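Undergrad:
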Amino acid sequence: SFFSPQLSMVSEAPFTLTQLLRATAPCSQIFLFLRSKYSPSEKNLLLDKTTTEKDQDGDLSWLSESAQSELANAMICTPPPPAYYLRSICQAYMKEILQFERNCALHDLLATIFADSLHSSEVSKNENELWVNLHYDLPSLKSSLLSIRVSPKHNDVGVRKVWEAGAALAEYLIYSHRCRPECNISGKAIFELGAGVGLTGLVIASSASTSAYRSANSDHAGQQLSISSAKSIFMSDHTSVVLENLAHNVELNRKNGLLDECCCVSSGYFDWAMSGSLGTESMALINEKKKENIVYQDTFAAYLNADILIAADVIYDPDAVPSLVAAIKQFLIGNGGYEQQFASSEMNSNNTMKSLDQRQKCAIVATTKRNMKTFELLLRSIDQSCISHINEKTEIWDSIPCIFPCYFVQPRKDIVIHILKARARSNCDKA
28 SFFSPQLSMV SEAPFTLTQL LRATAPCSQI FLFLRSKYSP SEKNLLLDKT
78 TTEKDQDGDL SWLSESAQSE LANAMICTPP PPAYYLRSIC QAYMKEILQF
128 ERNCALHDLL ATIFADSLHS SEVSKNENEL WVNLHYDLPS LKSSLLSIRV
178 SPKHNDVGVR KVWEAGAALA EYLIYSHRCR PECNISGKAI FELGAGVGLT
228 GLVIASSAST SAYRSANSDH AGQQLSISSA KSIFMSDHTS VVLENLAHNV
278 ELNRKNGLLD ECCCVSSGYF DWAMSGSLGT ESMALINEKK KENIVYQDTF
328 AAYLNADILI AADVIYDPDA VPSLVAAIKQ FLIGNGGYEQ QFASSEMNSN
378 NTMKSLDQRQ KCAIVATTKR NMKTFELLLR SIDQSCISHI NEKTEIWDSI
428 PCIFPCYFVQ PRKDIVIHIL KARARSNCDK A
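Everything in the sequence shown is counted per my numbering, starting at 28 for the first residue and increasing by one.
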């Protein structure tokens with residue numbers, strides 16, 4: 028294991044060079060790794076786009092032939108990082124060598140990798156058509172890597188990248204048993220809004236597979252890492268390209284052996300703008316859609332049957348805040364007419380619906396503090412609804428292992444975890 032979950036304080040980036048490259052970690056993290064190993068006096072200096080005079084006078088061992096050799100050999104790992112990414116790392120590294128260590132020859136393997144990346148079919152493709160796989164190590168005894176396909180330059184943000192809050196929420200949830208009892212996903216049915224590339228949901232699913240694997244292999248009992256495992260996960264989104272990519276990523280990881288039958292993994296279309304304002308007219312529309320597409324019916328059943336609703340980095344447009352909060356309220360509290368009509372369908376005979384009184388539901392929403400006005404709008408909208416909420420303190424990240432080296436723009440401390448539950452009925456009447 029590359030981290031120890033027993034530690035009370037966790038390093039922000041306890042990764043090997045290969046793990047960083049497989050995940051297409053930012054150039055600054057790659058350079059920081061090399062500096063920490065080869066130029067320890069410079070280990071706390073993180074490179075940015077502007078190189079300072081201090082760099083020129085500092086320890087340049089991280090640009091040495093030995094450092095180049097380690098970087099080059101990590102780049103030829105299996106599965107390999109995307110060619111466009113290798114090209115960008117090589118270019119940035121060679122720029123540093125040419126600027127500060129001109130007497131050091133470029134390592135042959137590094138030069139070859141750079142040349143190959145220039146002629147890769149990835150590089151020649153239209154940027155909007157480029158699809159690449161990212162790979163992550165999970166806290167598992169299995170040898171499989173979690174694989175996530177993204178399209179870095181696509182105009183749909185849902186397939187463009189692994190977003191910061193999605194990765195942080197995944198880390199929070201698989202160690203949720205350390206946090207609040209209501210956030211423990213063990214044995215729970217989970218429904219995700221705005222799943223994007225599916226990383227959060229697939230981590231939840233793979234955690235269940237990992238737990239089952241360990242239980243069946245008692246020889247490894249002493250090595251077990253304590254993680255939470257859900258009963259099922261339904262990942263939803265609303266654009267065709269995102270849904271196609273979600274299905275692709277589920278199948279990709281199933282073929283890789285990361286998923287098994289111990290956790291039901293599904294994905295489908297869900298428009299939270301509709302779900303948050305359900306009434307007679309919208310119910311009629313849903314019934315019409317059920318005739319056209321049974322999968323849509325299954326999605327709403329999963330939404331209502333779930334124990335925990337999750338969402339990450341879904342708030343970047345202020346106009347979407349009211350409908351998101353309404354959808355969360357609908358999930359936590361229900362709409363009398365909708366709940367009653369849906370429960371009276373044929374699914375009731377199969378005992379797939381649960382009474383609201385039997386469920387202690389909660390919603391867990393992770394948001395990255397980007398635009399403070401939008402963030403404050405979300406908090407106000409929650410306060411004005413029949414929803415109670417608690418925000419986890421920033422210090423929570425000190426006790427949760429960092430698994431994904433993909434915080435490209437903002438660190439975990441900028442991500443807020445909101446725990447949302449229904450208020451008592453008497454408080455709702457006053458609201």
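All residues carry an ideal CB built from backbone N, CA and C; glycine is no exception. Since the model is a prediction, treat every value here as computed from it, not as a measurement.
One question on the structure: do Leu-133 and Leu-98 come within less than 8 Å of each other, judged by their Cβ atoms?
TA: Going by C-beta atoms, Leu-133 is not nearer than 8 Å to Leu-98.
Undergrad: Quick check: the Cα distance between Ala-393 and Asp-340, rounded to an integer number of angstroms?
TA: Computed Cα separation, rounded: 6 Å.
Undergrad: On the premise that Met-102 lies in contact with Leu-113, defined as a C-beta separation below 8 Å, what is that separation, rounded to the nearest angstrom?
TA: The Cβ separation is near 6 Å, so the contact holds.
Undergrad: Are the CB atoms of Asn-276 and Arg-187 nearer to each other than 8 Å?
TA: Contact flag unset, no.
Undergrad: Alpha carbon to alpha carbon, how far is Ser-267 from Gly-185?
TA: So the two alpha carbons sit approximately 10 Å from each other.
Undergrad: In chain order, what residues of the same chain have a beta carbon less than 6 Å from the beta carbon of Ser-96, not counting five sequence neighbours either side?
TA: Taken in chain order, the residues that qualify are His-134.
Undergrad: Using beta-carbon positions only, say whether Lys-258 and Ala-216 come within less than 8 Å of one another.
TA: Contact flag set, yes.
Undergrad: Buried or exposed, going by whether 16 or more other CB atoms sit within 10 Å of the CB of His-445?
TA: Result: buried.
Undergrad: Out of Ala-338, Phe-58 and Asn-272, which one is the CA nearest neighbour of His-181?
TA: The candidate whose alpha carbon is nearest that of His-181 is Asn-272.
Undergrad: Could you name the residues of the same chain whose beta carbon sits closer than 7 Å to that of Cys-433, not counting the 5 residues immediately before and after it, in chain order?
TA: Closer than 7 Å at Cβ, skipping near neighbours: Ala-50, Ala-52, Val-189 and Ala-194.
Undergrad: Quick one: is Tyr-163 buried, meaning 16 or more other Cβ sit within 10 Å of its Cβ, or exposed?
TA: Counting Cβ neighbours within 10 Å, Tyr-163 comes out buried, since at least 16 surround it.
Undergrad: By a C-beta neighbour count over all protein chains shown, 10 Å radius and 16 as the cutoff for buried, is Leu-447 buried or exposed?
TA: The residue is buried, with at least 16 neighbouring Cβ atoms inside 10 Å.
Undergrad: Write down every uninterrupted run of the alpha helix (DSSP H) in the stretch 84-129 whose length is 4 residues or greater and which is fully enclosed by it, in chain order.
TA: Whole alpha helix (DSSP H) segments, 4+ residues: 92-102 and 110-127.
Undergrad: For Leu-48, which option in Pro-67, Pro-107 and Lys-64 has the closest C-alpha, if you only look at C-alpha atoms?
TA: It is Pro-107.
Undergrad: Is the separation between the beta-carbon of Trp-89 and that of Ser-66 shorter than 8 Å?
TA: Going by C-beta atoms, Trp-89 is nearer than 8 Å to Ser-66.
Undergrad: Considering only their Cβ atoms, is the gap separating Ala-449 from Ile-414 smaller than 8 Å?
TA: Yes; because the gap between Cβ atoms is below 8 Å, this pair is in contact.
Undergrad: Out of Cys-291, Ala-119, Ser-408 and Asp-143, state which residue places its alpha-carbon closest to the alpha-carbon of Ala-110.
TA: Of the candidates Cys-291, Ala-119, Ser-408 and Asp-143, the one whose C-alpha sits nearest the C-alpha of Ala-110 is Asp-143.
Undergrad: Give the secondary structure of Arg-397 by DSSP, where H, G and I count as helix, E and B as strand, and everything else as coil.
TA: In the structure shown, Arg-397 sits in coil (DSSP, three-state: anything other than H, G, I, E or B).
Undergrad: In the DSSP output, what is Asn-418 paired with across the bridge?
TA: Its beta-bridge partners are His-445.
Undergrad: Could you tell me which of Ser-233, Thr-326, Ile-260 and Gln-411 sits nearest to Lys-282, measuring between CA atoms?
TA: Comparing Cα-Cα distances from Lys-282 to each of Ser-233, Thr-326, Ile-260 and Gln-411, the minimum goes to Ser-233.
Undergrad: Is it buried or exposed, Leu-125, if we count other Cβ atoms within 10 angstroms and call 16 or more buried?
TA: The residue is exposed, with fewer than 16 neighbouring Cβ atoms inside 10 Å.
Undergrad: The alpha helix (DSSP H) with Gly-295 in it runs from where to where?
TA: Taken as a continuous stretch (DSSP letters only), Gly-295 belongs to no alpha helix (DSSP H), being part of the beta strand (DSSP E) at 291-296.
Undergrad: Which of the three DSSP states, helix, strand or coil, is assigned to Ala-390?
TA: Looking at Ala-390 - three-state DSSP - the assignment turns out to be strand.
Undergrad: Put Ser-267 into one of helix, strand or coil per three-state DSSP.
TA: Residue state, collapsed to three classes: helix.
Undergrad: Comparing the CB of Ser-147 with every heavy atom of the ligand ADP, is any distance shorter than 7 Å?
TA: With respect to small molecules bound, the structure shown includes none, and the ligand ADP cannot be examined in it.
Undergrad: Could you compute how far the alpha carbon of Ser-19 sits from the alpha carbon of Gly-228?
TA: Residue 19 lies beyond the range of the chain shown here (28 to 458); nothing can be said about it.
Undergrad: Considering Cα atoms alone, identify which of Asn-332, Tyr-199 and Ser-213 is closest to Ile-430.
TA: With distances taken between Cα atoms, Ile-430 lies closest to Tyr-199.
Undergrad: Comparing C-alpha positions only, which one of Val-352, Pro-41 and Ser-147 sits nearest to Ile-337?
TA: Of Val-352, Pro-41 and Ser-147, the residue nearest in Cα terms is Val-352.
Undergrad: By how many angstroms is the C-alpha of Lys-388 removed from the C-alpha of Ala-333?
TA: Approximately 8 Å between the Cα atoms of the pair.
Undergrad: Out of Ile-260, Gly-284 and Asn-280, which has the shortest C-alpha to C-alpha gap to Ser-293?
TA: Among Ile-260, Gly-284 and Asn-280, the Cα nearest to that of Ser-293 belongs to Ile-260.
Undergrad: Relative to the alpha-carbon of Pro-428, which residue among Thr-45, Ser-174, Cys-117 and Tyr-202 has its alpha-carbon at the smallest distance?
TA: Cα-wise, what sits closest to Pro-428 is Tyr-202.
Undergrad: Please say whether Leu-270 and Ser-174 have beta carbons closer to each other than 8 Å?
TA: No. Outside cutoff.
Undergrad: Rounded to whole angstroms, what's the CA-CA distance from Lys-70 to Arg-62? Just pull it up for me.
TA: For Lys-70, the predicted structure reports a pLDDT of 45, less than 50, and the residue's modelled location is therefore unreliable. A value from the coordinates is still provided. Their backbone Cα atoms lie some 5 Å apart in a straight line.
Undergrad: Tell me the DSSP secondary structure of Arg-62 in three-state form.
TA: In the structure shown, Arg-62 sits in a helix (DSSP, three-state: H, G or I).
Undergrad: Please tell me whether Ile-335 and Ile-391 are closer than 8 Å, where the distance is taken between their beta carbons.
TA: Yes. Within cutoff.
Undergrad: Out of curiosity, what's the CA-to-CA distance linking Ser-263 and Leu-331?
TA: Going from the Cα of Ser-263 to the Cα of Leu-331 covers about 13 Å.
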